């Protein structure tokens, strides 16, 4: 038996008509019939395709990006150099003022010698300079030592006068002084040290004696020493 104490819900109409109970099968069919046109509409409406995400190739960043700006500076430098070499301004003054800020840095580099005015030049060096740089100096020969030359002193012709004695004096024997008829010699307190460490004291000094060598005449002072010829 049904529980009479349970709740009961009744719907009555003012007209007195009785509403037939709807079977569960009919209600499901009606709901499916109402949903079918909506599903058809959803199938008919094309869904917008989502844009495909394309991966761009990876480009690494430069570690020193300021170095990549040299190309622009070089182009500015070449243009500035062309204008500067003409020695006169052939552009409007307003344009020159606009470009002045760009060329200020180039002028500073000129002053600090970071840039050169001209292009690279090739300079040909002499043989001496090349030998020094390449370290190909000629071998130094030994000193030949003393040598003999002919000369004329006064009226006397001397065929073999010994030169380059290694001393800072001109030496003359006492006998030659007498043959040249030189009466007096200036006294001196000079002392001559020989190779064997002995000392000789000269007779005197003859000053301003003319010596002719070839076409040239030289005044020279001679130290007179009493020695064998």
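In this note's numbering, the protein residues as written are -13 to 215.
Heads up, the beta-carbon is just placed ideally off N, CA and C, and yes, glycines get one too.
Given the structure is predicted, the values throughout are model-derived calculations rather than measurements.
Original post:
Under the DSSP definition of a beta bridge, which residues are partnered with residue 203?
Top reply: In the DSSP assignment, residue 203 forms a beta bridge with 198.
**OP:** Under 8 Å by Cβ, that's how I've got residue 211 and residue 205 pegged, so tell me the actual separation to the nearest angstrom.
**Re:** No, residue 211 and residue 205 are not in contact; Cβ-Cβ is about 20 Å, not under 8 Å.
**OP:** Just the C-alpha distance for residue 175 and residue 209, rounded to the nearest angstrom, thanks.
**Re:** Their backbone Cα atoms lie some 11 Å apart in a straight line.
**OP:** Would you list the one or two residues that DSSP bridges to residue 147?
**Re:** DSSP, once it has assigned bridges, lists 135 as partnering residue 147.
Original post:
Would residue 156 pass as a contact of residue 194 if the rule is Cβ separation under 8 Å?
Top reply: Against a cut-off of 8 Å, the Cβ pair of residue 194 and residue 156 comes out as no contact.
**OP:** Identify, in the order they occur along the chain, each residue of the same chain with its Cβ nearer than 8 Å to the Cβ of residue 62, setting aside the five sequence neighbours on each side.
**Re:** Closer than 8 Å at the Cβ level, and outside the excluded window around residue 62, lie 88, 89, 92.
**OP:** Below 8 Å on the Cβ atoms is my guess for residue 158 versus residue 192; work out the distance and round it to an integer in Å.
**Re:** The pair is a contact, with the Cβ atoms about 7 Å apart (cut-off 8 Å).
Subject >> Which listed residue (146, 94, 140, 125) has its alpha carbon closest to that of residue 133 >> reply: When 146, 94, 140, 125 are compared, the shortest CA-CA separation from residue 133 is found for 146.
Original post:
What are the boundary residues of the beta strand (DSSP E) that includes residue 166?
Top reply: Annotation for residue 166: no beta strand (DSSP E) segment contains it, and DSSP assigns it neither H nor E.
Original post:
Out of curiosity, what's the CA-to-CA distance linking residue 138 and residue 177?
Top reply: Taking the straight line joining both Cα atoms gives about 28 Å.
**OP:** Would you check whether the ligand GTP has a heavy atom nearer than 7 Å to the C-beta of residue 40?
**Re:** With respect to small molecules bound, the structure shown includes none, and the ligand GTP cannot be examined in it.
Original post:
residue 159 lies in the beta strand (DSSP E); which residues open and close that run?
Top reply: Per DSSP, residue 159 belongs to the beta strand (DSSP E) from 156 to 159.
Original post:
Less than 8 Å separating the beta-carbons of residue 140 and residue 171?
Top reply: Cβ atoms of residue 140 and residue 171: not closer than 8 Å.
Original post:
Could you give the distance in angstroms between the alpha-carbon of residue 71 and the alpha-carbon of residue 82?
Top reply: One C-alpha to the other measures close to 15 Å.
**OP:** Return the CA-CA distance between residue 201 and residue 126, expressed in angstroms with no decimal places.
**Re:** If you take the alpha carbons of residue 201 and residue 126, they lie about 31 Å apart.
Original post:
For residue 186, which residues from the same chain have a beta carbon less than 7 Å from its beta carbon, with the 5 sequence-adjacent residues on both sides left out?
Top reply: 178, 180, 211.
**OP:** Compute the Euclidean distance between the alpha carbons of residue 49 and residue 84, then round it to the nearest angstrom.
**Re:** In a straight line, the C-alpha of residue 49 is about 32 Å away from that of residue 84.
**OP:** Give the single residue among -1, 113, 163, 77 whose Cα lies nearest to the Cα of residue 142.
**Re:** Residue 163 holds the alpha-carbon nearest to the alpha-carbon of residue 142 among -1, 113, 163, 77.
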